[in-house]
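Below: the structure, in structure tokens.
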Amino acid sequence: VTTLSQLGRALAGHELELFYQPVRGADAAVKSVEALPRWHHPQRGLLEAGMFIPAVAHTSVATALTTWVLRQAARQVAEWRADGVQVSVSVNVSARTLYNDALPDVIRTVAAEYGLPLSALELEVAEAILVRESARAIPAMLRLRDAGVGFCVDKFGAEYGAVSVLAEAPIQRVKIDQRFTGTAVEFPLARAIVGGWIRVAHQLGLTVVAQGVETPEASRCLVDLGCDEMQGFGIGRPMPAAELTRWLARPS
Ligand code: G
Ligand code: G
Ligand code: MN
Numbered sequence: 387v388t389t390l391s392q393l394g395r396a397l398a399g400h401e402l403e404l405f406y407q408p409v410r411g412a413d414a415a416v417k418s419v420e421a422l423p424r425w426h427h428p429q430r431g432l433l434e435a436g437m438f439i440p441a442v443a444h445t446s447v448a449t450a451l452t453t454w455v456l457r458q459a460a461r462q463v464a465e466w467r468a469d470g471v472q473v474s475v476s477v478n479v480s481a482r483t484l485y486n487d488a489l490p491d492v493i494r495t496v497a498a499e500y501g502l503p504l505s506a507l508e509l510e511v512a513e514a515i516l517v518r519e520s521a522r523a524i525p526a527m528l529r530l531r532d533a534g535v536g537f538c539v540d541k542f543g544a545e546y547g548a549v550s551v552l553a554e555a556p557i558q559r560v561k562i563d564q565r566f567t568g569t570a571v572e573f574p575l576a577r578a579i580v581g582g583w584i585r586v587a588h589q590l591g592l593t594v595v596a597q598g599v600e601t602p603e604a605s606r607c608l609v610d611l612g613c614d615e616m617q618g619f620g621i622g623r624p625m626p627a628a629e630l631t632r633w634l635a636r637p638s
């Protein structure tokens with residue numbers, strides 16, 4: 387309850403900041419970033435999304451938060467593009483947000499506000515939602531897809547590794563959870579599982595992202611397995627927009 391009312395105030399004030407984590411292609415180019423909200427809490431310091439989003443997930447604040455994230459992300463990506471940085475952005479959505487009938491309009495409105503093509507925005511839906519609630523999630527995704535919004539499956543393999551959702555959901559990318567990518571370099575079984583998922587995803591024409599890439603060894607292993615893109619602390623941490631602008635411009 388306290389988190390809820392405090393977060394409502396934070397949304398109205400300036401305590402929330404959108405961080406961005408770079409996603410690198412196998413050729414090292416950054417073509418997309420993931421938007422991750424952070425809360426500069428007056429007493430508790432910098433809070434990551436996982437520390438406050440679950441508390442509001444089933445409330446109306448979740449929708450207000452998503453609208454705020456989408457607007458910030460659209461504004462920032464439009465600014466980067468105007469400066470010649472051709473990136474797109476992905477935004478995590480909960481089941482409740484996905485089922486909100488107003489979402490297509492919210493997305494169209496914020497994109498139009500900043501002159502951003504919808505192709506520059508992608509929504510991340512956790513595999514768990516697609517497994518547990520496919521009868522509701524897939525029609526909602528299809529409506530958004532018809533409105534021009536792209537999707538990726540997030541945290542694939544965290545609970546199920548249900549390859550059938552890769553074929554059924556209207557997605558372009560699949561992000562493989564760090565639980566598997568982090569161990570692939572060490573354990574042949576994890577390597578075999580990830581390799582199998584990648585082959586299925588490629589067969590379906592999907593782009594494969596490895597999440598939680600923390601070391602150069604892990605990165606090499608995942609590229610060898612066929613991953614198209616990498617995300618993780620070993621590539622770049624989630625960071626404020628200005629810091630990412632400098633990070634992108636740095637000599638590599
Ligand atoms: O940023 P952090 O590592 O704390 O993220 C933790 C979890 O919160 C992740 O599972 C991520 O997908 C989720 N998450 C991050 N940002 C958002 C958001 O804007 N909305 C929703 N619904 N979930 C988010
Ligand atoms: O589940 P999802 O991918 O939406 O969660 C995103 C969160 O995962 C980010 O906010 C970030 O805090 C966390 N994250 C990103 N890269 C890494 C990594 O390399 N290692 C770990 N442990 N967490 C990461
Ligand atoms: Mn995500």
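Residue numbers 387 to 638, in full-length UniProt numbering, belong to the letters of the sequence shown in order.
All C-beta atoms in this analysis are idealised placements derived from N, C-alpha and C, irrespective of residue type, glycine included.
Open item on the list: Is the beta carbon of PHE438 closer than 8 Å to that of TRP425?
Closed with: For this step, residue 425 is matched to residue 39 along the sequence shown. For this step, residue 438 is matched to residue 52 along the sequence shown. Taking 8 Å as the Cβ cut-off, TRP425 and PHE438 qualify as a contacting pair.
Open item on the list: Can you tell me which residues form a DSSP beta bridge with CYS538?
Closed with: Here residue 538 refers to the residue found at position 152 when the sequence shown is read from its first residue. According to DSSP, CYS538 bridges with GLU510 and ARG559.
TODO: Measure from the alpha carbon of LYS561 to the alpha carbon of each residue in ARG606, VAL580, ARG395 and THR569, then state which is nearest.
DONE: The residue you call residue 561 lines up with position 175 of the sequence shown. It is VAL580.
Open item on the list: For PHE573, count the other beta carbons within 10 Å of its own beta carbon; 16 or more makes it buried, fewer makes it exposed. Which is it?
Closed with: Taking the sequence shown and counting its residues from 1, the one referred to as residue 573 is at position 187. Sixteen is the threshold: since fewer than 16 other Cβ atoms of the shown chains lie within 10 Å of the Cβ of PHE573, the residue is exposed.
Open item on the list: In whole angstroms, give me the CA-to-CA distance for CYS538 and ASP563.
Closed with: Taking the first residue of the sequence shown as position 1, residue 538 is located at position 152. Taking the first residue of the sequence shown as position 1, residue 563 is located at position 177. C-alpha separation (whole angstroms): 13 Å.
Task: Rounded straight-line distance, which links the Cα of GLN429 to that of LEU552 - done: As a working note, residue 552 is residue 166 in the sequence shown. As a working note, residue 429 is residue 43 in the sequence shown. Taking the straight line from one Cα to the other gives about 42 Å.
- [ ] Would you check whether ligand 1 has a heavy atom nearer than 7 Å to the C-beta of ASP563?
- [x] Along the sequence shown, one-based indexing puts residue 563 at 177. The nearest non-hydrogen atom of ligand 1 is 7 Å or more from the C-beta of ASP563.
Open item on the list: Starting from HIS588, trace the alpha helix (DSSP H) in both directions and tell me its first and last residue.
Closed with: Reading the sequence shown from its first residue, position 202 is the one you call residue 588. Note, HIS588: alpha helix (DSSP H), 574-589.
Open item on the list: Are there any heavy atoms of ligand 1 lying less than 7 Å away from the beta-carbon of MET616, as far as the coordinates show?
Closed with: Taking the first residue of the sequence shown as 1, we reach residue 616 at position 230. Set against 7 Å, the gap from the CB of MET616 to the closest heavy atom of ligand 1 is not smaller.
Task: Alpha carbon of LEU433 to alpha carbon of MET616, nearest angstrom - done: As a working mapping, residue 433 is identified with position 47 in the sequence shown. As a working mapping, residue 616 is identified with position 230 in the sequence shown. Answer to the nearest angstrom: the Cα atoms are 24 Å apart.
TODO: Using 10 angstroms around the beta-carbon of ALA415, count the other beta-carbons present and answer buried if the total reaches 16, otherwise exposed.
DONE: Residue mapping note: residue 415 aligns to position 29 of the sequence shown, counting from 1. Exposed, because fewer than 16 other Cβ atoms sit within 10 Å of the Cβ of ALA415.
Open item on the list: Please classify GLU603 as buried or exposed, where buried requires at least 16 other C-beta atoms within 10 Å of its C-beta.
Closed with: As a position in the sequence shown, residue 603 is number 217, starting the count at 1. Using a 10 angstroms sphere on the CB of GLU603, the tally of other CB atoms stays under 16, which defines it as exposed.
TODO: Could you say which of THR601, GLY582 and ALA450 lies nearest to ILE621 if we only look at CA atoms?
DONE: Walking along the sequence shown from the start, residue 621 turns up at place 235. Scanning THR601, GLY582 and ALA450 for the CA closest to the CA of ILE621 turns up THR601.
TODO: Between the Cα of GLN472 and those of GLN462, ALA481, SER480 and GLU510, spot the shortest distance and give me the residue it belongs to.
DONE: Locating residue 472 in the sequence shown gives position 86, counting from the first residue. For GLN472, the nearest C-alpha among the options comes from GLN462.
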